[in-house]
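Numbering (the working numbering), first residue to last: 61 to 289.
Yeah, the Cβ is synthetic: ideal placement off N, Cα and C, and Gly gets one too.
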Amino acid sequence: MSLYRSRHVAARFMPALFRIFVRLYVRPRVEGVEHIPHEGAFIIASNHASHADTAVIYTVLPREVRPRFVAAAAQDYFFRGGMMQFLSRILFNAIPIARDRRGGQDPLRHAARALREGYALLLFPEGTRSKTGEIGPFRSGVGRLIAEFPGTPVIPTYVGGTNRVMPKGKVLPRPYKVTVRFGEPLYLKAHPKLRATWQTAADEVREAIIQLSGTAPAHSIDTSFDQDT
61 MSLYRSRHVA ARFMPALFRI FVRLYVRPRV EGVEHIPHEG AFIIASNHAS
111 HADTAVIYTV LPREVRPRFV AAAAQDYFFR GGMMQFLSRI LFNAIPIARD
161 RRGGQDPLRH AARALREGYA LLLFPEGTRS KTGEIGPFRS GVGRLIAEFP
211 GTPVIPTYVG GTNRVMPKGK VLPRPYKVTV RFGEPLYLKA HPKLRATWQT
261 AADEVREAII QLSGTAPAHS IDTSFDQDT
């Protein structure tokens, strides 16, 4: 599974160093990590409030999952070349996802290929960061992937506090404790040729994440000084 994994020498050590930084800087707490599959393709569907979301989610994933992790990132923002694209590939194994169909290409082609090859795909179905921290409407793309890959588990994921770490429009992060809640896997159905069913599935994922956002603190793990880096 080397299709998306960077072969640059920096990929051998930078992700581990970055995870240490994240744990020390924002002291992430994680709930529901037992819901993360340790094998096979699956989708991590999360709310999106900050560019820090990907870093925090990646950091708290089990060690067995991280080597096959890919993060869908906006093609028009993260894949314009330069340092942004380099770091996205090195740190998060990012793959481009187009926010529109300009150019006639399938915006989800890389995401579909990742699932086909057994990766764990991080997806932000809102398609953009929330300005208020509230969970916005979901686009139908996650529903389309559910239709194309029946039986693939979707892990609803809520990230809280990252809008304080790096609000939309800010570049430098600020220290603030964050929480990641993974919900039980969803096994949803949608029809490959019926777009309305894609949106219905996407809305079901959104509702599960909203429920996670309002859950009272349960058994949680402070990963800030986890030795598994």
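In the DSSP assignment, residue 109 falls outside any beta strand (DSSP E), carrying neither H nor E.
A residue is called buried when at least 16 other Cβ atoms come within 10 angstroms of its Cβ; residue 166 does not meet this threshold and is exposed. Judged by pairs of C-beta atoms under 8 Å, the segment 193-208 touches the segment 97-115, as three or more such pairs exist. If the five residues before and after residue 241 are omitted, its C-beta is found closer than 6 Å to the C-beta atoms of 91, 92, 218, 272, all from its own chain and listed in chain order.
Distance from residue 207 to residue 252 at the Cβ level is roughly 5 Å; contact confirmed, criterion being Cβ atoms closer than 8 Å. In the displayed model, residue 207 falls within a helix according to three-state DSSP. With fewer than 16 neighbouring CB atoms inside 10 Å of its own CB, residue 188 falls in the exposed class. Residue 211 is positioned such that its CB atom lies no closer than 8 Å to that of residue 260. Residue 199 and residue 236 have their C-alpha atoms spaced approximately 29 Å apart.
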